[in-house]
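Q: Mind looking over this structure? Questions follow.
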Amino acid sequence: MTVIAELPRVRSRARARVRPPEVAAAIVLGAVVLAAVAPQLLAPGDPLAVSPVDAFSPPGLAHPFGTDESGRGIWTRVVHGTGASLSIGAMATLIGTALGVVLGVAAGFGGGRLPGRIADAGVSRLLEVLFALPGLLLALVVIAFTGPGAVPATIAVGLATAPGYARIVRSQVVRVRRSAMVEAAVVLGRRPGTVLLRHVLPNALAPVVVLATLGLGQAVVWASSLSYLGLGAPPPAPEWGAMLSAGRTYSTTAWWMTVFPGLAVVVTAASATVLGRALARRGSELP
Amino acid sequence: MTRTPSTEADGAVDGPTEATVPEPRRRGVVPAPLRWVTGRLVGAVVVLWAVATLIFFAIRLVPGDPAEAILGGPGSQASAEALALVREQYGLDDPLVVQYLAQLGRLVVGDLGTSYSLRTDVSGLLLEQLPGTVLLAVLSLVVAWALALGTAWWATLGGRTAAAVSSSLEIVASAVPHFWLAGVLVLVLSTQLGWLPPVSTGTPVGIVLPVVTLAIPVAGFLGQVTRDSLLDAAAAPFALTARARGESRSGLFRRHLLRHAALPGLALSGWAFGSLLSGAVVVESIFARPGLGRTLLQAVTLRDIPLVTGVALASALAYVVVVALGDLAERAVDPRERAA
């Protein structure tokens, strides 16, 4: 997650020009969201309908991505799996950013007085500890306690991304808190709650939106990794990681069963990264 | 994570060799290297204590019987004898404070308990699995750095096309999930071409595919930050000066820009460690390679809490070590860090 922290400092000579890759990324993400919201538009079939006659058909006209061991179309399943994969990723990102904002504000908003310093020290130490269980590790430890499943996997990925967001929010809150604007509000007698809601949060959250876009790709990758390892969404559901895991047995004879669901993960994650970087570049041009 | 201990005003100490020479304490001045080591050690102890504490309370947060939680979670159908044994072993009938202190006491002497699924001593098991994962991670890191610096070099010297191509390669590389990459590599290099074995057996070539799988996503991230900093350095006045003095383009890269390029990547060593270890969980399972990652996955699947705790503590310790090494590498590359 530290990588993300480095990204907003994009070179200033990159202007706010709209670039072709960014347009492509936006279109792809739009299609992914469409597939999540209305899969029937893109793939009218039933993702669970079994048709043994068509088992293991290679990609062709009837089945653009081929079929699996029960004759279910991979294209249909990938499209219908978008909802599960994307919502797990999006919910995890939401949990991660929400926790990150709470922790970051708790650490950064207290300021120089004693309670604020204690809160800052406490939260910062906690974050350092969580950073020592990076990436999937924290998610795996959480799942060891909760047991496998789509909901535990979502929560686990959310928890695993929270420290990264918290660190950014903290530094943003500290920065905004020291600004003349906040000083003026305090001098005018605004209450701390008002200052936080009206001044600090709106200014501190802009980078979080950018980071959440970048983090969404990572969350989708992690969530599908957990499903792949058998710790996320259970097998019958069309979910990208679970589909890949199921296709593993047949990878030598039916390559399409593993290649296409994985491609969906890669394309989604890469598009989110491109879009996030574009947003980051815009953001860095604001004063 | 990149906190650097500042030296005292008169602490004219430099070079790591001084760390071995115990200087007499005068006016509370401790040699900087010694203070650095002490700081890291204290940090490591704090992190280990905190991880152990978090897990200790997490076990008690799982609804139901903690003894059952240790033996595979609710519904694990652990036998009454096993439950009684765990209750005794962990002193679960004692007050919470006593349990907690006893747990920390066992940790201090290196007793991580017994894995119920493998019926072995956790610390022994970890020591046995550690070398394989360390070898995998170190080789992957080396390959990742080579790839990242290689593409960054190509991107700066190769003009706009090279820059665009390498930039998109980096983004795709950093977005690729390990499990898919492993699958595709096996499909192409093992199944189709038959060049490399699909499982990482005892043969030395078996490690090639796992290493490449782990290295590519890390290389993608390292490449992104490396190139950003490389382009900044290439636009700096000192680069123009060097060129004006007659330095060749590749000489400029090797002698002047490389250090700048490497720095942000080194600052990310903690993150790279995380990516490698998370990847090891997936890659060791796919390539049937013994190691910490596969052990962790087994432990999580069977909800073997003593083993999960052991792996978590081991990786937290490894994280602290890796960040310290990254910090040392940063100092070696950047003279400003040493002077500071």
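Going down the list, the protein sequences come from chains A and B. Residues 91 to 377 (this note's numbering) are what the first sequence spells out, left to right. Residues 698 to 1037 (this note's numbering) are what the second sequence spells out, left to right. Backbone N, C-alpha and C define an ideal beta-carbon position, used for all residues, glycine too. Given the structure is predicted, the values throughout are model-derived calculations rather than measurements.
(1) Look up B/Thr853 in the DSSP assignment and say whether it is helix, strand or coil.
(2) Alpha carbon to alpha carbon, how far is B/Leu973 from B/Val839? Give it in angstroms, no decimals.
(3) What is the residue span of the alpha helix (DSSP H) that A/Glu218 lies within?
(4) Give me the residue from A/Ala116, A/Leu124, A/Gly190 with the minimum Cα distance to A/Ser214.
(5) Does any C-beta atom of chain B lie closer than 7 Å to the C-beta of A/Ser315?
(6) Our contact map puts A/Ala250 next to A/Trp345 with C-beta atoms below 8 Å; I'd like the distance itself, whole angstroms only.
(7) Would you say B/Ala931 and B/His953 are within 7 Å of each other, going by their C-beta atoms?
(8) Could you name the residues that DSSP lists as bridge partners for B/Leu768?
(9) Between B/Val831 and chain A, is the shortest Cβ-Cβ distance under 7 Å, so that the two count as touching?
(10) Mind checking the region 226–237 of chain A against chain B and listing, in chain order, the residues whose C-beta falls within less than 7 Å of any C-beta there?
(11) Could you tell me whether the Cβ of A/Pro224 comes closer than 7 Å to any Cβ of chain B?
(12) Bridge partners for B/Gly817 per DSSP, in chain order?
(13) For B/Phe876 and chain A, any beta-carbon pair shorter than 7 Å?
(14) Does the beta-carbon of B/Ala706 have 16 or more other beta-carbons within 10 angstroms, so that it is buried, or is it exposed?
(15) Taking only three categories from DSSP, how would you classify A/Thr343?
(16) In angstroms, rounded to a whole number, what distance separates the CA positions of B/Gln800 and B/Leu1014?
(17) Alpha carbon to alpha carbon, how far is B/Ala777 from B/Asp790? Give it in angstroms, no decimals.
(18) Quick check: the region 942–960 of chain B against the region 859–879 of chain B, are at least 3 beta-carbon pairs closer than 8 Å?
(19) Using only the alpha-carbon positions, how far apart do A/Glu273 and A/Leu223 sit?
(20) With distances taken from CA atoms, which of A/Leu304, A/Ala256, A/Val263 is nearest A/Pro292?
(21) Using a Cβ-Cβ cutoff of less than 6 Å, which residues in the same chain neighbour A/Tyr340 once the five nearest sequence positions on both sides are dropped?
(22) For A/Thr157, which beta-bridge partners are listed by DSSP?
(23) B/Glu720 by DSSP, collapsed to three states: which one?
(24) If we define contact as Cβ-Cβ less than 7 Å, is B/Arg857 a contact residue for chain A?
(25) Can you find the residues in the same chain that come closer than 6 Å, C-beta to C-beta, to A/Arg109, ignoring five residues on each side of it along the sequence?
(26) Kindly indicate if chain B contains any beta-carbon less than 7 Å away from that of A/Tyr255.
(27) Check whether the Cβ atoms of B/Leu782 and B/Tyr813 lie closer than 7 Å to each other.
(28) Under 8 Å, with one C-beta from each stretch per pair, do the region 1007–1027 of chain B and the region 741–758 of chain B reach the 3-pair mark?
(29) Closer than 8 Å by C-beta to B/Thr817: which residues in its own chain qualify, once you throw out the five before and the five after it? Chain order, please.
(30) Would you verify that the beta carbon of A/Trp345 is, or is not, closer than 7 Å to some beta carbon of chain B?
(31) Taking only beta-carbon atoms, is B/Ile868 less than 7 Å away from chain A?
(32) I want to verify the contact list: residues of chain A whose CB lies under 9 Å from the CB of B/Phe984, in sequence order.
(33) Along the region 349–367 of chain A, where does the CB come closer than 9 Å to a CB of chain B? Name the residues.
(34) If you drop the 5 nearest sequence neighbours on each side, which residues of the same chain put their C-beta closer than 6 Å to that of B/Gln796?
(35) Starting from B/Gln796, trace the alpha helix (DSSP H) in both directions and tell me its first and last residue.
(36) Can you name the start and end residues of the alpha helix (DSSP H) that A/Glu329 belongs to?
A: On the basis of the coordinates in this document:
(1) In this structure, B/Thr853 counts as helix in the three-state DSSP scheme.
(2) Taking the Cα positions, B/Val839 is about 12 Å away from B/Leu973.
(3) Run containing A/Glu218: 204–221, per the alpha helix (DSSP H) assignment.
(4) Nearest of A/Ala116, A/Leu124, A/Gly190 to A/Ser214, Cα basis: A/Gly190.
(5) Residue-level contact by beta carbon holds for A/Ser315 and chain B, with a gap shorter than 7 Å.
(6) About 31 Å separates the two Cβ atoms, so there is no contact after all.
(7) It is not a contact, given that the beta carbons lie outside the stated cut-off.
(8) B/Asp1001, per the DSSP bridge assignment.
(9) Contact with chain A is absent for B/Val831, since none of that chain's Cβ atoms lies less than 7 Å from the residue's Cβ.
(10) Taking a C-beta cut-off of 7 Å against chain B, the contacting residues of the region 226–237 of chain A are Leu226, Leu227, Leu230, Val231, Ile233, Ala234, Phe235, Gly237, listed in chain order.
(11) A/Pro224 counts as touching chain B.
(12) Correcting the residue identity first, residue 817 of chain B is Thr in this sequence and not Gly. According to DSSP, residue pairing for B/Thr817 in a beta bridge involves B/Ser812.
(13) Taking Cβ atoms only, chain A reaches closer than 7 Å to B/Phe876, which makes this a yes.
(14) Since pLDDT at B/Ala706 reaches only 38, below the 50 mark, its modelled position is unreliable, and the value read off the structure follows with that caveat. Exposed.
(15) A/Thr343 sits in coil when the DSSP states are folded into three classes, being neither helix nor strand.
(16) Near 18 Å, if we compare the C-alpha coordinates of B/Leu1014 and B/Gln800.
(17) Their backbone Cα atoms lie some 15 Å apart in a straight line.
(18) No: the two stretches stay apart, fewer than three of their Cβ pairs being nearer than 8 Å.
(19) Roughly 38 Å separates the two Cα atoms.
(20) Residue A/Val263 is the option with its Cα nearest to A/Pro292.
(21) Here the set comprises Met347.
(22) Bridge partners of A/Thr157: A/Gly163.
(23) Annotation note: pLDDT 49 at B/Glu720 (below 50); position unreliable, no value reported.
(24) No, no contact with chain A.
(25) Leaving aside the five residues that flank A/Arg109 on each side, none in its chain has a CB nearer than 6 Å to its CB.
(26) Residue contact with chain B for A/Tyr255: absent (no Cβ-Cβ distance below 7 Å to any residue of chain B).
(27) Not in contact: B/Leu782 and B/Tyr813 (Cβ atoms no closer than 7 Å).
(28) Short answer: they touch.
(29) So the qualifying residues of the chain are Thr811.
(30) So yes, A/Trp345 belongs to the interface.
(31) Taking CB atoms only, B/Ile868 has a neighbour in chain A less than 7 Å away.
(32) Ordered by position in chain A, no residue passes the 9 Å Cβ test against B/Phe984, which lies about 12 Å from the chain.
(33) Under the 9 Å Cβ criterion, the region 349–367 of chain A contributes Val349, Pro351, Gly352, Leu353, Val355, Val356, Val357, Thr358, Ala359, Ala360, Ser361, Ala362, Thr363, Val364, Arg367.
(34) The answer, listed in chain order, is Gly788.
(35) Start and end: 793–805.
(36) Secondary structure note for A/Glu329: it is in no alpha helix (DSSP H), with a DSSP letter that is neither H nor E.
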